[in-house]
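According to the numbering used here, the stretch in the sequence shown is residues 1342 to 1887, in order.
Structure record follows, encoded as structure tokens.
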Amino acid sequence: MAQAILLRGGTGGVTSDDVTAGKAQVLQGYKTVTSDSDDEVIEGEIISRGTFVIASEVVNAPFEGTVHTRFEEGYYIKYGQYKPTVKIPYAVLANVIGVDPTKMLQSLTLAGKQGQIKSIDTGANNYRFNKSIGYGIDNWSDVNNPVFYVDFPHGNAFYNRADGHPHVCIDADKLGNVTADKVLAGNTFTSKNGVSMSGTMANRGNGMDTVEFINAHWENKFVARMEQGYYSQNGQWKPYVSIPYAVLANASGVDPAKMLKSLTISGRQGQIEERGSYMDAVGVWYHGASGNLVGQIPPGYYSADNGNNRTNVNIKKQDIVNVLGLNPDLWLNTFQTMGIQGKIPRWVSASHVISAVNNEGFVWDDDTGANRGRGIVSKIAKGQYIENADWVFLSSPNLYPQNVVKDININGVTGTRDFADKVNDYTVAANLEISMSNREQVISLDNAYSGSQTVFFAVYLVGDDVYDGFVRRDMGNGRYLIGRIPVSKNDSNLIGTYVRNVPIQIEIIRDGAGNISLVHHGPNQILGVTNIMVTIYAHSSVSFSF
């Protein structure tokens, strides 16, 4: 603000010559004498701009490291605590200093302009925030130096991490799941299981011997197992596994004993001889159990090339004759086989009964050892074949029932003539005790000669002589004959004697079936114990019962 100076002395006031301030140095709205007012009081020309104005021009002075802010000429006044202020619009300042949002982080705002560059913390989300799905091998930009590239998933951005090592990542399984055993030894690989790891897969070359060969009959296949590993093609030759002949033969059941000699499988030649379609049998014999004529031929294979799709086995005539015992002496003279004529003449009968030669025959006891006993033999034509006859007739004019012992059958004739035959003594009871304790009791003995009507018994005392005055017959060995009696069926007979002055009767009984029993009778006296013997000495077809 300009100042006016008043001089003392009463000389009339201040003139323009007394001041130095011109009207251009005096604020508008205020008047004073200025150096250019010709001693007149005039209003100043300085415009009052207030406290806050908009800059009229802003210029960047990079050579000074400053920004020049120009504003209109005038007076700027302090307003309270606020000093005069020149306002620079954001747009102007941003333009002057070169604010470029495309080159600023989104977290930065300059002169009202927010940065557009995204800020990516790659450590977020457990270090997986910056996980990419775009990756691959760049083998086009430099074919001699391929590189593995990974696209940043957030595009252009500011990437940071708290430790100063921002990163980009991909899911490891995107690199594959291969393991060392799936990669050839001598080669490296990268997968989710590691980076630049060495393979362990054995390289087996073009092939090797099988380690196991089995017959998988349930699948109708053979299975050849080999060592695990990689098998490579060798030129035109594909990988192989070799199976030794012996292994293949054993697994497939190659049996030379069941193969023709002309066949060789897995190095094993067949052992079966090939015999052709014609063979002479040897060792011909007859197998009686099966009824077969057996001709032996050597083992081998016989083909069917004889013209009838068959194999011929030749059996020599003499072998057949020998084995079958073909003897023309045993054949009828009306029969021949294989050119051999039979020699036996025929003895032909007009009926089924042929007469003995010259009606000759006789009774004959078999002395051949066949134990056939006695029989009648008839003479036949020796060496001849009896034809049309079942029987040989021999005259027997006396063979009638009345001439044959009763119930005896001779050649179909049953005799009717009664008989009485003596036999060697047959013992019915050897030492039969009798006493008062079994008096009048029936004692069962035997049923000998039950088919005969009458049996003749002899009764003996054993060890005791008969009573004095009776006739006795000493049979030796302490046996004394009391007497002999016949006994028919359904009848009995008695014989009496004294024993130690005691009279006794011995009764022998036979029932209708011929069963024999004995009862002794006597007075009630003390008899003591006496032994008797009973035998049979004859039998008869005649009944003598009364």
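For each residue, glycine too, the CB sits at the ideal point set by N, CA and C.
Just so we're clear, the structure is a prediction, and the values are computed from it rather than from any experiment.
- Within its own chain, the residues whose Cβ lies closer than 6 Å to the Cβ of F1493, once the five positions on either side in sequence are excluded, are V1509, listed in chain order.
- In the three-state reduction of the DSSP assignment, P1686 falls in the coil class, being assigned neither a helical nor a strand state.
- Put simply, of P1639, T1876, N1556 and Q1574 the residue whose alpha carbon is nearest the alpha carbon of R1566 is N1556.
- Secondary structure note for A1592: its alpha helix (DSSP H) is the uninterrupted segment Y1586 to S1593.
- For K1763, the uninterrupted beta strand (DSSP E) run begins and ends at A1761 to I1775, by DSSP.
- Setting aside the 5 residues that flank it on each side, Y1476 is surrounded in the same chain by V1491 and I1511, each with a C-beta closer than 6 Å to its C-beta; the list follows chain order.
- In this structure, DSSP gives A1498 an extended state, which the three-state scheme calls strand.
- Relative to F1887, the option among T1876, D1707 and D1832 whose CA is nearest is D1832.
- For Q1637, the uninterrupted beta strand (DSSP E) run begins and ends at N1633 to Q1637, by DSSP.
- N1739 and S1829 have their C-alpha atoms spaced approximately 32 Å apart.
- By the criterion of a C-beta distance shorter than 8 Å, Q1422 is surrounded by no residue of its chain, once the five residues flanking it on both sides are discounted.
- For the pair S1397 and E1413, the CB atoms are nearer than the 7 Å cut-off.
- Each of V1595, G1611, S1593 and S1690 was checked against the Cα of L1601, and the nearest Cα belongs to G1611.
- N1788 and V1796 have their C-alpha atoms roughly 10 Å apart.
- In this structure, the beta-carbon distance from A1722 to S1881 does not fall below 7 Å.
- As far as DSSP is concerned, H1508 takes part in no beta bridge.
- DSSP places Y1420 outside any alpha helix (DSSP H), giving it a letter other than H or E.
- The three-state secondary structure of S1482, taken from DSSP, is coil.
- Judged by beta-carbon spacing, A1521 lies beyond the 7 Å limit of G1496, meaning their Cβ atoms are not closer than that value.
- Close CB contacts of L1368 within its chain, under the 7 Å cut and outside five residues either way in sequence, are with M1342, G1385, I1387, S1389 and Y1416 (chain order).
- Every beta strand (DSSP E) of 3 residues or more that sits fully in the segment 1524-1606 is shown, in chain order, as 1529-1532, 1535-1539, 1544-1546, 1548-1550, 1553-1557, 1562-1566 and 1581-1583.
- Out of S1737, L1589 and I1695, the CA that lies nearest to the CA of Y1726 is found in I1695.
- Distance from the CA atom of N1712 to the CA atom of G1702, rounded to whole angstroms, is 20 Å.
- Taking C-beta atoms under 8 Å as the contact rule, V1437 and V1399 qualify, at a distance of about 5 Å.
- Residue pairing for S1881: DSSP places it in a beta bridge opposite A1761 and T1795.
- DSSP places P1827 in the strand class (E or B) of the three-state scheme.
- About 6 Å separates the CB atoms of A1697 and F1734; that is less than 8 Å, so the two are in contact.
- DSSP, read as helix, strand or coil, puts D1441 in coil.
- Taking the Cβ atoms as the reference, R1545 lies roughly 4 Å from G1570, within the contact range of under 8 Å.
- A distance below 6 Å between beta-carbons, with the five flanking residues on each side excluded, links I1681 to the following residues of its chain, in chain order: P1669.
- Setting aside the 5 residues that flank it on each side, W1578 is surrounded in the same chain by N1547, each with a C-beta closer than 8 Å to its C-beta; the list follows chain order.
- DSSP lists I1395 as the bridge partner or partners of K1428.
- Between the beta-carbon of N1647 and that of N1655 there is about 11 Å, and that puts the pair past the 8 Å contact cut.
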